[in-house]
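Per the working numbering, residue 213 is the first one in the sequence shown, and the count goes up by one each step.
Inspection log for the structure reproduced underneath, given as structure tokens.
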Amino acid sequence: DVGAIASLDKLIHEPARLAIMMVLYVVDGADFLYVKTQTKLTNGNLSSHVGKLEEAGYVEIEKTFQGKMPRTILRMTDAGRGAFRIYLNGMRDVMNGLAD
Numbered sequence: 213d214v215g216a217i218a219s220l221d222k223l224i225h226e227p228a229r230l231a232i233m234m235v236l237y238v239v240d241g242a243d244f245l246y247v248k249t250q251t252k253l254t255n256g257n258l259s260s261h262v263g264k265l266e267e268a269g270y271v272e273i274e275k276t277f278q279g280k281m282p283r284t285i286l287r288m289t290d291a292g293r294g295a296f297r298i299y300l301n302g303m304r305d306v307m308n309g310l311a312d
């Protein structure tokens, strides 16, 4: 049922946010620059999309200093991890429903 794709979490389904969630799903936390490199997003785009994920409670942002240099760590929250698992299972169901 291709219509099932409409039930997927649209916040996660957006390509840039999906890429961010994919990166954060497999790590405990990641530096902003690492996520930027992995997703190939600009600083502004990454910041904007991370902000939306943070508003939804899917990602948390920790700002610290390493010496005098600012450092931003991104982490997927438990709610984000759960939402991402639901998204993955839903996407698998959609894909498995396609005819060979």
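Cβ coordinates follow ideal geometry from the N, Cα and C atoms, glycine included.
For the 7 Å CB-CB criterion, Y270 and D221 do not form a contact. Beta-bridge partners assigned by DSSP to M303: none are found.
In this structure V238 is exposed. Its beta-carbon is surrounded by fewer than 16 other beta-carbon atoms within 10 angstroms. Note that the C-beta distance between L223 and A268 is below 7 Å. When the beta-carbon positions are compared, H261 and R283 stay at least 7 Å from each other. About 6 Å separates the CB atoms of D305 and A216; that is less than 8 Å, so the two are in contact.
Annotation for G302: L220 place their beta carbon closer than 6 Å to its own, counting only its chain and skipping 5 residues before and after. Here DSSP, grouped into helix, strand and coil, assigns V239 to coil.
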